[in-house]
Structure formats: structure tokens, C-alpha cells
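Going by numbering that gives the first Met the number 0, the letters in the sequence shown line up with residues 0 to 146, in that order.
Notes follow once the structure below has been shown.
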Amino acid sequence: MNLKHGLEMSADTIIARKEVSYLKRLPEVRPIAGVVAHAKLMHGEIPLGVVSGSPRESVIHSLELLGLRDLFQIIVGGDDTERGKPHPDSFLLAAKFLGVRPEDCLVFEDGEMGIQAASAAGMAWVKVERNGGASAPTETLDRSSNE
0 MNLKHGLEMS
10 ADTIIARKEV
20 SYLKRLPEVR
30 PIAGVVAHAK
40 LMHGEIPLGV
50 VSGSPRESVI
60 HSLELLGLRD
70 LFQIIVGGDD
80 TERGKPHPDS
90 FLLAAKFLGV
100 RPEDCLVFED
110 GEMGIQAASA
120 AGMAWVKVER
130 NGGASAPTET
140 LDRSSNE
């Protein structure tokens with residue numbers, strides 16, 4: 000990024016500036032309706048968590064602003080693991096905190112790196128679009144080979 004824009008900023012400075020910019024725009028954040036509907040439907044029925052590449056405090060703040068924080072038992076942010084998406088670490092940590100096996104998880108994901116991370120964790124996933132569309136759930140290789 001520094002080379003592209005002719006800058007000399009540390010990674011920490013870039014992250015801090017991005018966070019300030021995000022917080023300024025937070026009131027404009029809109030959730031993906033289908034994911035919210037599913038979370039509300041499943042709340043109390045199955046364990047639910049949020050995994051994000053953003054810092055956990057930002058995610059919590061966003062969910063609180065949207066009135067959705069209480070739907071989720073755990074939140075894993077990008078600052079909770081050493082390796083972020085596309086590595087599976089954050090999804091595996093969420094499964095551990097929720098007390099469920101990765102192969103029993105279904106991930107709703109709007110980014111390609113998150114899909115790669117969910118797949119690497121052995122989790123089925125649904126790609127959701129910002130416009131409300133979604134793909135059909137995938138099956139993990141382990142699950143399909145054991146059935």
C-alpha cells in the first residue's frame with residue numbers, strides 16, 4: 000500500500016487510520032437482511048457467533064448499533080488470532096468457543112477470503128451478497144465423504 004500510494008506508514012498506523020474512517024461511517028452500516036433474519040430465527044436454537052477480520056471491538060460496536068449484539072454468543076475479531084482470513088484460525092477459534100465441531104458449522108460469508116478460511120476449517124458455507132442474494136450451502140469434503 001505504501002508503494003502504491005507513495006507513503007511510508009507502519010502497518011499499525013494504516014490499521015488505526017482505517018479504524019477511524021470506519022467508525023466515522025458506522026452509522027451508515029446496513030446488515031445483510033437474509034443473514035439477520037436467519038440469526039433471529041435460530042437465536043436460542045443453535046449456537047451463533049460472528050467471525051470478522053475487523054477488530055473485535057469494532058464488530059461489537061457495529062452489532063450494538065444495529066441492535067444485534069445479543070443474538071450472538073461469541074465474537075471473534077481479526078485481532079483475536081495471529082493469522083487472519085484466508086487462514087482458518089478465526090473460524091476454528093469460534094467453533095471452539097461455541098463448543099461445536101467445525102464440520103457441524105455453517106458459515107455465512109460475504110468475502111472470498113472468508114470462504115477460503117471456512118473451507119480450510121472444514122466448515123460448510125453460504126456465500127451471501129450485499130444485495131441479499133445467497134448461494135446454496137456447500138458441503139465440506141469430509142462431510143460428503145463420510146455420508
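Virtual Cβ for every residue (Gly too), placed ideally from N, Cα, C.
- Following the DSSP letters along the chain, one finds Val35 inside the alpha helix (DSSP H) bounded by residues Ala32 to Met41.
- By alpha-carbon distance to Leu64, the top candidate from Glu7, Lys17 and Lys23 is Lys23.
- Burial is judged here by how many other beta carbons sit within 10 angstroms of a residue's own beta carbon; Met122 has at least 16 and is buried.
- Annotated three-state conformation of Gly48 is strand, per DSSP.
- Contact between Ser57 and Glu27 is absent: CB atoms are separated by about 14 angstroms, not below the 8 angstroms threshold.
- A direct Cα-to-Cα measurement between Glu44 and Arg16 gives close to 39 angstroms.
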